[in-house]
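Undergrad: Please see the structure below; I have some questions.
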Amino acid sequence: MKKRWWRGVAGGVVGLAVLWAVMPRPPLREGLGFSQAVMDRQGRLLRLTLSPDEKYRLWVPLASIPPALVEATLLHEDQHFRQHLGVNPIAVGRAVWRTWILRGRRVGGSTLTMQLARIRYGIDSRTPRGKVWQMLRALQLECTWSKDDILEAYLNLAPYGRNVEGVGAASLVYFGKGVEKLSLAESLTLAVIPQSPARRDPTRDEGALTAARLRLFDRWLEPHPEDLERRTALSAPLSVRAPGELPFLAPHFVQATLRTLPVGSGVMTTLDLSLQRQLERHVRQYIERRKAVGIRNAAAMLVDWRTLEVRAAVGSGDFFDEAIEGQVNGTEAKRSPGSALKPFIYGLAFDQGLIHPRTMLKDTPTGFAGYGPENFDGSFAGPLPAEEALTRSRNVPAVALASRLRAPSLYGFLRQAGITGLRSEEFYGLSLALGSAEVTMTELVELYAMLANGGVLRPLRLEADSPRPEGVRMLSAEASFLVLESLKGAKRPAQTYQSEWARDAVPVAWKTGTSMGYRDAWTVGVAGPYVIAVWVGNFNGRPNPAFVGQWAAAPLLFEMVDSLRAKDPDMHRVRWTPPAGVSRVSVCALSGGIPGPHCQRQVSTWFIPGTSPIQACDVHREIWVDTRTGKRACGPGPSARAEVYEFWPSDLLRLFQRAGIPRRVPPPESESCGIARASAEGVAPQITTPEQGVDYDVRASATTPQTVPLAAVTDADVRQVFWFVDEQLVGTAPRGEPLHWVARPGTYVVRAVDDRGRSDARALRVRLVP
C-alpha cells in the first residue's frame, strides 16, 4: 500500500514535470491588443483609445496600483493567494460538493490564478473537463511566473463591466483618473465588479454594486478598524461615467502624442487642460468675429520656453469641420513663414559683426544679382536703424543682410536647426530671407524659444517625463538678446499709447509673417515664460487679401497675451535678461556710428564688445565754405568758414526729396581746388546697375535700340557722374539719375567716375538672343 502511494506521488510529479517541459511558457500579455491613455500634466484624461478588439484595456504595472485596491481584491477573490500553488484544494472540493454532488447553488472555487487562466486562455470552466484544464493551466502559470506577475496580469485583464478590462482602464473610464489616485471607496468598488460584471455595472447600479461594496467593507474593517468612519460615504452611490462619455480633448495634440506612445501604456503629457481650453476658446471666438473678412481657420500653440513643454496646441479652428479640413494639424503642416524668419537673419548678422541694433541700413531700390525685392507697402523708407528695419519688416535691408552672411548663411542656419523638407540653397536664393521655404509651426516655435534660451535650440516636449537634451547652440546669448530687444520695440496692432504707460505691461518680442500671395498669416511672440504662435489661412492654400500677419494673426496673439497676463503671475515675473557679454554705448542717432565731434544727437544702444562693428560717423562732416562765393573752399583761409553738413548717399537723397524731407546738401567745390585732393576725401561711387554677375540680353529681332541702365550711388557732394565703357566716355548723368547706354553684344568693363575724381568699376556681359 505504501509503495503504491509513493508511486502515485512520483507519477504525479513526473507528469507535472513533463507537462511543464512540453507545454510552452504561457504568455500573460503577448498577443493582446491594448488601449493608449493620454493625460494632461495634472493627470486629467484627454483620451483613452480602444484596443484592436474594441476593448478598453490598459496595462498598469503592479507598483502603480494602490495597495488598498490590491488588498481589497485579494480579500474578495482569493485570501490565500500567497499560500497556494494555483489551486486551492479545499475551495475546489467545497465547490464540487455543493455544485455537482448536492446540485445546489453554483459555488465558485477558483483561485485568482485559475480566474486568470480562464480569462487569458478562453477556458470554459463550467464543465468538469474545462475545470480540470483550468486547474492545469493555473498550475502551469504558478510554475512559470511569480505571484506578483500573476497578480499584475489578473488586475490588468479582469472584466470590469461592458467592454472595460483591467483596473487601469476601469479607473479612467468610470472615475476619470489614473489608478494611482483611486479613493478607498473607488478601490472597493473595482474589487467587487469582476465577480459579477454584468449585475454590478457601475453605470447602472441598482443596489447590487453598493451592497457588494458594503459587504466587502465589513470584511475590510477587520484589519482596518480605523476606517469605520467611512461607512456613510461608502453607502452612497459613486459618481461614475459611462464609456460613451469618455473625453475627446485636444485632438491634434493627442494624435501627435499617440504616434510616439507605446501600445498599452499611458502617458502624462506637458499639456495644461485649462490653458488648452483657454486657447481653444480664443481661437473659436476670434474666427467667429472675423468671418466677415473670410477668416475661417487658424492654428495656435503655447509653449513654455524654459522647459520647451507644449502647454496648449490648437491644430485647427474645428477638428470636426470637414469644410475647413479640420482634422489637418496646422501645428505640423508645412507653410510659408513669410517675414517670420527675418529675426534669425539679424541674429546671424549680430553674431558675424555686420551690425548692431542702431546700425543704419538702407531701404532703397536695390538689385541683388537679378533679384529686386520690394517692400510689402510698395514704398521705400530710406535709412533705418537695424532694429527698426526688423520691427517694420522691411524687405530690402533683410535681403541685403542675408546676402552678406557667411558661415552660416540663413540656409545653413535652417539646415543646422533641423528644418525638414528644404530644397537646395540655389533653389531659394535670396528669396529665402522673405520666407520662400516652408516650415511647420512647431519648427518656428522651437526657433523663437531658442532666442529666449540664449541661442540654444532644443526640441519641444510633449511628455512630462521626456528627457531634456542639452541642445545645439545656434546663436550667441548676446545676439539672441539683441534680437529679442529689437522685437520688443514693435507696437502691438492698433496701439496708440506707449507701452511704458501701462502699469502692468508685459514686454512682448513678436514678429509677423505674410506669405507670397496672401496664403498664410503668422505671428510669433515671446511673452513672459511663453512662446505663442498663431497661423491664419486655409489648408487648401486658397489666398485671401485679409491674410496679413499684422492684421489677421497678431490680434489673436495679443488676446492670448492679455488673457495670460490677467491669470498667470509668471507673465510678470519671467523676463529675458542681458547676458554678461553685452553693454550699452552711445552712437550717432543718424548714422549709428561712433559719435564724432559734429554729431548733434546721440542715442544709447546695446553693443557686443569685440563683435559689433566700430565705425565712426560719416554723415556729419565739417567742410570749409568760402563766405564770398558760397562754394566749398579748398581749406581754411581768411574768407573760409567751417560748417557741418549731412552727407547722404544719392539714393537716400532721392528718397528724402520724394518724401518732401529737406536735406542741406553740401555746396559745390570751388574750381580752384585740385582734383587730386578732392578724390582723396569722401565716399567713392558704388555702381548699382549693371548688377554684379547678371548677364543682359538684347534681342536680334528688336526694331528699336535696346539699352542697359547705368546707375550708381554717390556721395552727397557729387553733382555729376561720368560713365565709361572700356575706357570710352559714353555720357554723363546728374547725381542719382541713370544713363541709358545703347547695348551691343560683348563683354565690357563699365566705370563710373564722379566729379570729384572717385570711381567704381564693374564687368558687363551683353548677350544676343533670338
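In this text, residue positions in the sequence shown follow numbering that gives the first Met the number 0: the first is 0, and each later residue adds one.
All C-beta atoms, glycine included, are put in the ideal place defined by N, C-alpha and C.
(1) I'd like the span of the alpha helix (DSSP H) that includes phenylalanine 343, first residue to last.
(2) Taking only three categories from DSSP, how would you classify alanine 207?
(3) Any idea what DSSP makes of isoleucine 354, helix, strand or coil?
(4) Taking the alpha-carbon positions, what's the threonine 72 to leucine 187 distance?
(5) If you reduce the DSSP assignment to three classes, tell me which class serine 585 lands in.
(6) Using the beta-carbon count (16 or more within 10 Å), is alanine 501 buried or exposed?
(7) Going by C-alpha distance, which of Leu347, Leu383, Met449 and Leu429 is nearest tyrosine 370?
(8) Per DSSP, glutamine 685 forms a beta bridge with which residues?
(9) Which residue marks the beginning of the alpha helix (DSSP H) containing alanine 190, and which one marks its end?
(10) Report buried or exposed for valine 395, applying the criterion of at least 16 other Cβ atoms within 10 angstroms of its Cβ.
(11) Which partner residues of valine 313 appear in the DSSP bridge assignment?
(12) With glutamate 558 as the anchor, note down where its alpha helix (DSSP H) starts and where it stops.
(13) Any idea if glutamate 499 is buried or exposed, counting beta-carbon neighbours within 10 angstroms, 16 or more meaning buried?
(14) Express the C-alpha separation of alanine 397 and leucine 257 in angstroms, rounding to a whole number.
(15) With a threshold of 7 Å on Cβ separation, who are the neighbours of alanine 448 within its own chain once the five nearest residues in sequence on each side are excluded?
(16) Could you pull the start and end residues of the beta strand (DSSP E) that phenylalanine 723 belongs to?
(17) For leucine 409 and aspartate 148, I'd like the C-alpha separation in whole angstroms.
(18) With distances taken between CB atoms, is the gap from tryptophan 575 to alanine 552 smaller than 8 Å?
(19) Would you kindly report the start and end of the unbroken alpha helix (DSSP H) that includes leucine 115?
(20) Quickly, what does DSSP pair tyrosine 153 with across the bridge? List them, please.
(21) Note down, in chain order, each residue of its chain lying with its Cβ closer than 8 Å to the Cβ of glycine 129, except the 5 sequence neighbours on either side.
(22) Tell me whether aspartate 226 sits in a helix, a strand or coil according to DSSP, three-state version.
(23) Note the first and the last residue of the continuous alpha helix (DSSP H) segment covering proline 261.
(24) Could you work out which residue in Gly454, Gly417 and Asp754 is closest to glutamate 437 when comparing CA atoms only?
(25) Can you tell which of Ile354, Gly609, Leu45 and Met300 has the C-alpha that lies nearest to the C-alpha of leucine 443?
(26) Taking a contact to mean a Cβ-Cβ separation below 8 Å, would you say proline 667 touches arginine 631 in this structure?
(27) Identify the continuous alpha helix (DSSP H) that holds serine 603 and give its terminal residues.
(28) Whole angstroms are fine: how far does the CA of serine 234 sit from the CA of threonine 770?
(29) Please classify valine 395: does DSSP put it in a helix, a strand, or coil?
(30) DSSP on serine 402, reduced to helix/strand/coil?
(31) I need the boundaries of the alpha helix (DSSP H) containing leucine 138, first residue and last residue.
(32) Cβ of valine 720 within 8 Å of Cβ of proline 648?
(33) Label isoleucine 192 either buried or exposed according to how many other C-beta atoms from any shown protein chain fall within 10 Å of its C-beta, with 16 as the threshold for buried.
(34) On the DSSP letters alone, give me the boundaries of the beta strand (DSSP E) that glutamine 389 sits inside.
(35) With a threshold of 6 Å on Cβ separation, who are the neighbours of arginine 460 within its own chain once the five nearest residues in sequence on each side are excluded?
(36) Less than 8 Å between the C-beta atoms of alanine 368 and valine 724, yes or no?
TA: In short, the structure shows the following:
(1) Numbered from its first residue, the sequence shown carries residue 343 at position 344. 341-350 is the span of the alpha helix (DSSP H), which, as asked, contains phenylalanine 343.
(2) Within the sequence shown, residue 207 is the residue found at index 208, counting from 1. Here alanine 207 sits in helix by DSSP.
(3) Residue mapping note: residue 354 aligns to position 355 of the sequence shown, counting from 1. Coil.
(4) Within the sequence shown, the letter at position 73 stands for residue 72. Within the sequence shown, the letter at position 188 stands for residue 187. Straight-line Cα distance between these residues: approximately 8 Å.
(5) Stepping through the sequence shown from its first residue, residue 585 is reached at position 586. DSSP places serine 585 in strand when its eight states are reduced to three.
(6) Against the sequence shown, residue 501 aligns to sequence position 502. Any answer about alanine 501 is weak, because its pLDDT of 47 lies below 50 and its placement is not dependable; what the coordinates show is given next. Result: exposed.
(7) Reading the sequence shown from its first residue, position 371 is the one you call residue 370. Nearest option by C-alpha distance: Leu429.
(8) As a first step, residue 685 is located in the sequence shown; it is residue number 686 there, counting from the start. According to DSSP, which records beta bridges pairwise, glutamine 685 is partnered with Val712.
(9) Residue mapping note: residue 190 aligns to position 191 of the sequence shown, counting from 1. It spans 183-191 - the alpha helix (DSSP H) in which alanine 190 sits, taken as one unbroken run.
(10) Working through the sequence shown from its first residue, we reach residue 395 at position 396. Result: buried.
(11) The sequence position of residue 313 within the sequence shown is 314, counting from 1. Per DSSP, Ala299.
(12) Locating residue 558 in the sequence shown gives position 559, counting from the first residue. 553-566 is the span of the alpha helix (DSSP H), which, as asked, contains glutamate 558.
(13) Residue 499 sits at position 500 when you count from the first residue of the sequence shown. Because glutamate 499 sits at a pLDDT of 49, beneath the cut-off of 50, its placement in the model cannot be relied upon, and the following sentence gives the value as read from the coordinates. Label assigned to glutamate 499: exposed.
(14) Residue numbering aside, residue 257 sits at position 258 when the sequence shown is read from its first letter. Residue numbering aside, residue 397 sits at position 398 when the sequence shown is read from its first letter. Between leucine 257 and alanine 397, the C-alpha separation is close to 40 Å.
(15) By 1-based counting over the sequence shown, the position of residue 448 is 449. Val302, Trp304, Leu307 and Val530, listed in sequence order.
(16) As a first step, residue 723 is located in the sequence shown; it is residue number 724 there, counting from the start. It spans 719-724 - the beta strand (DSSP E) in which phenylalanine 723 sits, taken as one unbroken run.
(17) The residue given as residue 409 occupies position 410 in the sequence shown. The residue given as residue 148 occupies position 149 in the sequence shown. Going by the C-alpha atoms only, they are around 56 Å apart.
(18) Translated into positions along the sequence shown, residue 575 becomes position 576. Translated into positions along the sequence shown, residue 552 becomes position 553. No, the pair does not count as a contact, with Cβ atoms beyond the cut-off.
(19) Within the sequence shown, the letter at position 116 stands for residue 115. Where leucine 115 is concerned, the enclosing alpha helix (DSSP H) stretches over 111-120.
(20) Taking the first residue of the sequence shown as position 1, residue 153 is located at position 154. Answer is none; tyrosine 153 lacks a bridge partner.
(21) As a working mapping, residue 129 is identified with position 130 in the sequence shown. Only Ile122 and Asp123 meet the Cβ criterion.
(22) As a position in the sequence shown, residue 226 is number 227, starting the count at 1. Three-state result, aspartate 226: helix.
(23) Position 262 of the sequence shown, counted from the first residue, corresponds to residue 261. It is not in any alpha helix (DSSP H) - proline 261 carries neither H nor E in the DSSP assignment.
(24) Counted from its first residue, the sequence shown places residue 437 at position 438. When each option's Cα is compared against that of glutamate 437, the closest is Gly417.
(25) Here the question's residue 443 lines up with position 444 in the sequence shown. Looking at the Cα atoms, Met300 is the closest of the given residues.
(26) Your numbering for residue 667 matches position 668 in the sequence shown. Your numbering for residue 631 matches position 632 in the sequence shown. Taking 8 Å as the Cβ cut-off, proline 667 and arginine 631 qualify as a contacting pair.
(27) Within the sequence shown, residue 603 is the residue found at index 604, counting from 1. Where serine 603 is concerned, there is no enclosing alpha helix (DSSP H), although the beta strand (DSSP E) it sits in stretches over 601-606.
(28) This structure cannot settle anything about residue 770, because the visible part of the chain is limited to 0 through 769.
(29) By one-based count along the sequence shown, residue 395 stands at place 396. Residue state, collapsed to three classes: helix.
(30) In the sequence shown, the residue the question calls residue 402 occupies position 403. Here serine 402 sits in helix by DSSP.
(31) For the purposes of this step, residue 138 is taken as residue 139 along the sequence shown, with counting starting at 1. Leucine 138 -> alpha helix (DSSP H) spans 127-143.
(32) Taking the sequence shown and counting its residues from 1, one reaches residue 720 at position 721. Taking the sequence shown and counting its residues from 1, one reaches residue 648 at position 649. Their beta carbons are not under 8 Å apart, which means valine 720 does not touch proline 648 by this criterion.
(33) Numbered from 1 along the sequence shown, position 193 holds the residue referred to as residue 192. By the neighbour-count rule (16 or more Cβ atoms within 10 Å), isoleucine 192 is buried.
(34) As a working note, residue 389 is residue 390 in the sequence shown. Rather than glutamine, the amino acid found at residue 389 in this sequence is leucine. Taken as a continuous stretch (DSSP letters only), leucine 389 belongs to no beta strand (DSSP E), being part of the alpha helix (DSSP H) at 385-390.
(35) Here residue 460 refers to the residue found at position 461 when the sequence shown is read from its first residue. The residues are Thr269, Leu307 and Glu308.
(36) Counted from its first residue, the sequence shown places residue 368 at position 369. Counted from its first residue, the sequence shown places residue 724 at position 725. Not a contact, by the Cβ cut-off of 8 Å.
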